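Number 52 in my numbering belongs to position 37 of the sequence shown; there are no gaps in the numbering.
Beta carbons are placed, not taken as given, at the ideal position from N, Cα and C, and that holds for glycine.
These numbers were taken from a predicted model, which means no experiment stands behind them.
Okay, so here's the structure we're looking at.
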Amino acid sequence: MTKERQREAVAVRYNPEKENAPRVVAKGRGQIAEKIIEIAKSNGVPVHEDRDLIELLSKVELFDEVPPELYVAVAEVLIWVYRMNNRFKSLETFHGKE
16 MTKERQREAV AVRYNPEKEN APRVVAKGRG QIAEKIIEIA KSNGVPVHED
66 RDLIELLSKV ELFDEVPPEL YVAVAEVLIW VYRMNNRFKS LETFHGKE
């Protein structure tokens, strides 16, 4: 019998005008992870799945800055998020929602 792996989630916030580096603002497993993902999706925040990065970020204390050795990996995800946000904005403009 194999044990099913619990879903994990880590939420990262970055406001370059107010913060020096991205911060871990939520993290959890199982039902907590599901709630983090649900809240993100309900607020229009794109969800990116990367088990390796989640494993590393889950070791960062809540509300601490992401360590410099993870900057590149987190930057790649943030670039993906910004691109996704721009695609949604373009679609809204195209469909006359703005």
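- Bounds of the alpha helix (DSSP H) holding K50 are 46 to 57.
- Look at the beta carbons and you see the stretch 57 to 65 touching the stretch 92 to 99: at least three pairs across the two are nearer than 8 Å.
- Where E23 is concerned, the enclosing beta strand (DSSP E) starts and stops at 23 to 28.
- Around the C-beta of K33, fewer than 16 other C-beta atoms lie within 10 Å, and the residue is accordingly described as exposed.
- Rounded to the nearest angstrom, the gap between the Cα atoms of V75 and V89 is 13 Å.
- Looking at the backbone, the Cα of A48 and that of L77 are separated by about 14 Å.
- Distance from the CA of N30 to the CA of L72, rounded to the nearest whole angstrom, comes to 18 Å.
- If you draw a straight line from the Cα of G59 to the Cα of N100, it comes to about 9 Å.
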